[in-house]
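This report concerns only the one structure given below.
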Amino acid sequence: KDVAKERLKLVLVHDRANCSPEFLERVKEDLLRAIKEYMDIDEEMLDIKNYTEELALANGFAEAIMDSIESGILTSDLEGNIVTVNRVVADMFGYAPDEMKRMKTWDLLEDWDRIKVVVVRDQNFSDEDLFVNSRKNKLQLNVSAYPHFDDKQNLMNIILVFKEVKRVRKLANKIMGHHAIYTFDKI
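Quick look at the structure:
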């Protein structure tokens, strides 16, 4: 911008000085080239700003979708860093979402190493009842884990799904058509 200003000053000075038309033409071409260069940069910055706004909007939608799921969902990278959490898992464990993102997965889930090995090797870890460390105590939750790949099929993250054991058993009984009815007479 400063170069363009200096060149413009030079053109304005021409009114008071004797400069050849060829010199003025070169200055004019340089000035136009400098202005065009800054216009291209401004257009690129506008594209970046639009892309950033679209990305923020998409992230907002993704978070809203995750928060609408009734199961607890936590995403961890392969080093055990918690990347994303939904409100359900934060409530289950008794932490704020931002607080959980500063924790390691193994702080919450003692079986993290075993889960990681199974997901890396077999690509699936399904419906195991495990004990997890919440803020106040140990909880027994039903845990599943799934791989999350990048566009080159490299394993990036592990998605952990947590369900309350009571809810899972109730659903299984409902599907199987089993109803346990107990009365004091039958006991």
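Adding 14 to a residue's 1-based position in the sequence shown gives its number in my numbering.
Just so you know, even glycine gets a beta-carbon here, dropped at the ideal spot from N, CA and C.
field: Three-state secondary structure (DSSP) of alanine 110
entry: The three-state secondary structure of alanine 110, taken from DSSP, is coil.
Aspartate 164 - containing alpha helix (DSSP H), residue span: If you look at aspartate 164, you'll find it isn't in any alpha helix (DSSP H); DSSP assigns it neither H nor E.
query: Is it right to say phenylalanine 163 is buried, meaning 16 or more other beta carbons lie within 10 angstroms of its own, or is it exposed?
result: Exposed, since its Cβ has fewer than 16 Cβ neighbours within 10 Å.
message: Quick check: what's the CA-CA separation for aspartate 127 versus aspartate 81?
response: Within the model, the alpha-carbon separation for aspartate 127 versus aspartate 81 is close to 27 Å.
message: Does valine 131 pass the burial test, meaning 16 or more other C-beta atoms within 10 Å, or should it be called exposed?
response: Residue burial annotation: valine 131 is exposed, with fewer than 16 other C-beta atoms found within 10 angstroms of its C-beta.
- prompt: In or out: asparagine 151 buried (at least 16 other Cβ within 10 Å) or exposed?
  reply: That one is exposed.
field: First through last residue of the alpha helix (DSSP H) which encompasses aspartate 125
entry: Unbroken run through aspartate 125: none, as it is neither H nor E.
- prompt: Are aspartate 105 and valine 97 closer than 9 Å when you measure CB to CB?
  reply: Not a contact, by the Cβ cut-off of 9 Å.
query: Taking C-beta to C-beta, are aspartate 121 and leucine 144 nearer than 9 Å?
result: Taking 9 Å as the Cβ cut-off, aspartate 121 and leucine 144 do not qualify as a contacting pair.
message: In the DSSP assignment, the beta strand (DSSP E) including glutamate 142 goes from what residue to what residue?
response: For glutamate 142, the enclosing beta strand (DSSP E) begins and ends at 139-147.
query: Cα separation between glutamate 5 and lysine 166?
result: No statement about residue 5 is possible, as the shown extent of the chain runs from 15 to 201 and does not include it.
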